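Read the structure below first, then the notes.
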Amino acid sequence: MAEQVVVIGAGIDGAAVGVELARRGARVTVVDSGPPAAGTSGATFSWTNSNGKQPRAYHELSIGGMRAHRRLAGEVAGSDWYHEGGNLEWGDDETEREQLRRKVDSVLEYGYEARWLTRAEVLRLEPDINPAELPAEGIAYFPSEGWVEPARLIGHLLSTVDIERCWHDAVTGIDVAGGRVRSVRLASARRLPADAVVNCAGPAAAQVAALAGLELPMNNTRGVLIYTSPVAVSVARVVHAPRVHLRPDGGGRLLLHTHELDDAADGATVDEAAVEKVVEAGCALYPGIRAASVESVRVGVRPIPADGLPVLGRARELPNFHFAVSHSGATLSLHAGALVAAEVLGEDRSEELAPFRFERF
Ligand SMILES: Cc1cc2nc3c(=O)[nH]c(=O)nc-3n(C[C@H](O)[C@H](O)[C@H](O)COP(=O)(O)OP(=O)(O)OC[C@H]3O[C@@H](n4cnc5c(N)ncnc54)[C@H](O)[C@@H]3O)c2cc1C
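Residues in the sequence shown are numbered from 1059 upward in steps of one, following this note's numbering.
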């Protein structure tokens, strides 16, 4: 059994893996070059879903993630980082409507919860929506979806177990000898002996893998998120409208996004006119949003392995080096983290991880 495990990255994946390793009896050090939750997990839409995820194995992994969130939230009093309010989605033109019909048909075939609502039914769920923005019918509702507050979940996870926390100290080297990782070197010149290492470095996972001599192809993309000031508008769930996606963000704040907005990021700078356009779409949908101002605009980097699927589990050529790298980490982390941790400790080698192994590249 690996007794001393170094987890690289204190985002939602690193926290999930670290806590599960510690619960299973390992001595764990979680290392981050910054503070916890300051990477992608601090700038994410964090919608928990398996809404059209393909192939089937990815769908099932996501369902496992949604169940794990529900289970944890059910076990912990005051666990209000998890919000299972459902998700509404509709199209603007015939092409979008047809895409949505196909998606709903395909998730229903998988036994996933989805149903069609009329305008009147949606207004009972979301009374502050401007009725003129809704079609009379054909609004898809996915009741088991929701969203998480990753920073609060990470805080909770890290507080529940005895692990060494090593913040503001980047991993700069990984020592390999005899086909195994022996230790991890940090910017502070510290050297951490390791029976096993888990790469949870999110968008920097390729650089961390390279330190161990492994090549992980990644196609990271930028995403732009608009956070409003607190505002007295009733938004109770995730909403994917044609020109704006939004959800509550705690304390009365709202979080707004569209995929078009992602193109407006130039590094950390975002075109103001593009932000204004999304806010305007939010105000058209929920007129009460006019009372809000934009509190911040954040750019997050999606950690996307080259084929879009997660990379999970042990590297065959370096058997004590493991991966937990994924887009959809907000959905997957608790479940995928538990599978990865079990494998690190040699307790289980889940078949569920088979489609997501590093060797497929
Ligand atoms: C705009 C946007 C929208 C998204 N929407 C969703 C969604 O709706 N649903 C969903 O499920 N997912 C969504 N995601 C993806 C999800 O947020 C990520 O998959 C998840 O946050 C990744 O978590 P992580 O812990 O793997 O990475 P991170 O949170 O980035 O954590 C990695 C950590 O590793 C540290 N690190 C990196 N290199 C080193 C090093 N050399 N040494 C030490 N530490 C290091 C970093 O500092 C960082 O803290 C979205 C992402 C974005 C950007």
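Positions of the beta carbon are idealized from the N, C-alpha and C atoms, including for glycine.
What you are looking at is a predicted structure, and each value in this text was computed from that prediction instead of being measured.
Bridge partners - residue i, DSSP secondary structure assignment
i     : result
E1147 : A1198 and H1298
H1380 : V1256 and R1372
A1235 : R1238
T1106 : G1204
T1087 : V1064 and E1222
L1250 : V1242
Y1140 : V1206
V1229 : L1244
R1159 : None, per the DSSP bridge assignment.
R1173 : Y1199
Where residue i falls, given that 16 or more other Cβ within 10 Å makes a residue buried
i     : result
N1188 : exposed
G1123 : buried
L1225 : First, the amino acid is wrong: residue 1225 is Trp here, not Leu. Exposed, since its Cβ has fewer than 16 Cβ neighbours within 10 Å.
G1404 : exposed
S1230 : Position check: residue 1230 holds Thr in this sequence, whereas Ser was assumed. By the neighbour-count rule (16 or more Cβ atoms within 10 Å), T1230 is not buried but exposed.
E1167 : exposed
P1377 : exposed
F1416 : buried
A1326 : exposed
S1217 : exposed
A1323 : buried
D1071 : buried
8 Å contact criterion, which residue i and residue j should meet: CB distance rounded
i     : j     : result
A1198 : A1172 : 6 Å
A1442 : F1379 : As displayed, the chain neither begins before 1059 nor continues past 1419, which places residue 1442 out of reach and without an answer.
A1263 : V1383 : 4 Å
T1098 : R1360 : 7 Å
W1174 : G1149 : In fact, because the Cβ distance is near 12 Å, the residues do not count as touching under 8 Å.
F1419 : A1373 : Their Cβ separation, rounded to whole angstroms, is 11 Å, which puts F1419 and A1373 out of contact at 8 Å.
P1251 : N1278 : Contact flag wrong, Cβ pair sits at about 31 Å.
C1258 : G1069 : 7 Å
L1343 : F1414 : With a Cβ gap of about 36 Å, L1343 and F1414 do not count as contacting.
L1215 : A1073 : 4 Å
Legend entry - Completely contained beta strand (DSSP E) runs for the stretch 1258-1324, where each covers 3 or more residues: Complete beta strand (DSSP E) runs here, min 3: 1279-1286, 1296-1298, 1303-1306 and 1312-1315.
Legend entry - Length-filtered (4 minimum) alpha helix (DSSP H) runs lying within the stretch 1317-1367: 1317-1320 and 1330-1343
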